[in-house]
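*Asks:* A single structure is presented below for examination.
Numbering (my numbering), first residue to last: 5 to 292.
Below you can see the structure in the form of structure tokens.
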């Protein structure tokens, strides 16, 4: 069995990725901060040398954008230096590295979806720390895949993000205000997990956008679909400007992406976000 290692295995995407890898016959070592703190270079090196994986899927990161804005040192220590530690360990055992990054490495000033050939210009400390991680991976390794995700949803019972939050709030209230001036590409954790597993079989190293297809949407349009699929009709959604919800960290106005590198190679892997969202809400959240 092919040995692989997953960092951040207890997170939203990590849970789906470990399940998919095991279903496809891999010998999976699932690590989180308790088993392998990526900020500890010696521990990372020791763990990787002991396991000798052929591929390391690096998901471990600080992802709370506002917390990263308040504590940029923590953000760079985990998201940048932690990524360097994993890259060093990959190089020492000749392992392929798969690094999960974010579409928010762009500044959001474009009028449409970003491709892999647009120039990043991150605006928040979180996005800067993730982009610096990308640069480290590119400089240090020849065998790597960088997969950029959009508005991630998934996690089931552990979901504390936008989808589950909308369902919870809409079940309790008769009115919800949702911003309509921020646009992005929803990304189902199960779909991007499947995508990154498949891309590692190609040896087509490089950077890939992996968001669900079906076009992009505003947060308001996303919320409309969430309530539709959750069969909630008792809550009215009101579109508002993001100025009504000031946050510590800046968010790009345009955080949508096109899976251009996948498209050019004929890899039509990512289902429409609408069907992915419906599947997630109806088969996971509503039955939890």
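Where is the CB? At the ideal position from N, CA and C, for every residue including glycine.
For residue 201, count neighbouring C-beta atoms within 10 Å of its own C-beta (all shown protein chains included) and say buried if the count is 16 or more, exposed if not.
*Replies:* Residue mapping note: residue 201 aligns to position 197 of the chain shown, counting from 1. So residue 201 ends up on the buried side.
*Asks:* At what residue ranges does the segment 68-111 contain a whole run of the beta strand (DSSP E), taking only runs of 3 or more?
*Replies:* Within the segment 68-111, the complete beta strand (DSSP E) runs of at least 3 residues are 100-106.
*Asks:* Taking the runs of the beta strand (DSSP E) that are 3 residues or longer, which of them lie wholly in the segment 156-234?
*Replies:* The segment 156-234 contains these whole beta strand (DSSP E) runs: 179-183, 190-192 and 210-213.
*Asks:* Could you give the C-beta distance for residue 190 and residue 157, rounded to a whole number, given that I count them as a contact under 8 Å?
*Replies:* Numbered from 1 along the chain shown, position 186 holds the residue referred to as residue 190. Numbered from 1 along the chain shown, position 153 holds the residue referred to as residue 157. Indeed they touch by this definition, with Cβ atoms about 6 Å apart.
*Asks:* Under three-state DSSP, which class holds residue 60?
*Replies:* Numbered from its first residue, the chain shown carries residue 60 at position 56. Looking at residue 60 - three-state DSSP - the assignment turns out to be strand.
*Asks:* Residues in its own chain within less than 6 Å of residue 285 by CB, not counting five upstream and five downstream?
*Replies:* Position 281 of the chain shown holds residue 285. Excluding residues within five positions, the ones whose Cβ falls inside 6 Å are 233 and 234.
*Asks:* Roughly how many angstroms lie between the CA atoms of residue 223 and residue 280, to the nearest whole one?
*Replies:* The residue given as residue 223 occupies position 219 in the chain shown. The residue given as residue 280 occupies position 276 in the chain shown. So the two alpha carbons sit approximately 16 Å from each other.
*Asks:* Would residue 83 and residue 128 be called neighbours here (beta carbons separated by less than 9 Å)?
*Replies:* In the chain shown, residue 83 corresponds to position 79, counting from 1. In the chain shown, residue 128 corresponds to position 124, counting from 1. In this structure, residue 128 does not lie closer than 9 Å to residue 83 by Cβ.
*Asks:* May I ask which residues mark the beginning and end of the beta strand (DSSP E) holding residue 45?
*Replies:* Taking the first residue of the chain shown as 1, we reach residue 45 at position 41. Careful: residue 45 lies outside any beta strand (DSSP E), inside the alpha helix (DSSP H) at 45-55.
*Asks:* Going by C-alpha distance, which of 180, 241 and 140 is nearest residue 93?
*Replies:* To locate residue 93, count along the chain shown from 1; it is residue 89. If we check each option's Cα against that of residue 93, 140 comes out closest.
*Asks:* Across which residues does DSSP place residue 259 in a beta bridge pair?
*Replies:* Your numbering for residue 259 matches position 255 in the chain shown. Looking at the DSSP assignment, residue 259 forms a beta bridge with 188.
*Asks:* I'd like the span of the alpha helix (DSSP H) that includes residue 20, first residue to last.
*Replies:* The count along the chain shown starts at 1 and reaches residue 20 at position 16. 16-27 is the span of the alpha helix (DSSP H), which, as asked, contains residue 20.
*Asks:* Count the other C-beta atoms from every protein chain shown that fall within 10 angstroms of the C-beta of residue 206, then say buried if there are 16 or more, exposed otherwise.
*Replies:* By one-based count along the chain shown, residue 206 stands at place 202. That one is exposed.
*Asks:* Is the segment 63-83 close to the segment 111-126, with three or more CB pairs under 8 Å?
*Replies:* Touching, no, given that fewer than three Cβ pairs across the two stretches are closer than 8 Å.
*Asks:* Taking the C-alpha atoms as reference points, what is the distance between residue 17 and residue 194?
*Replies:* Translated into the one-based positions of the chain shown, residue 17 becomes position 13. Translated into the one-based positions of the chain shown, residue 194 becomes position 190. Near 7 Å, if we compare the C-alpha coordinates of residue 194 and residue 17.
*Asks:* Would residue 219 be called buried (16 or more neighbouring beta carbons within 10 Å of its own) or exposed?
*Replies:* Walking along the chain shown from the start, residue 219 turns up at place 215. Exposed, since its Cβ has fewer than 16 Cβ neighbours within 10 Å.
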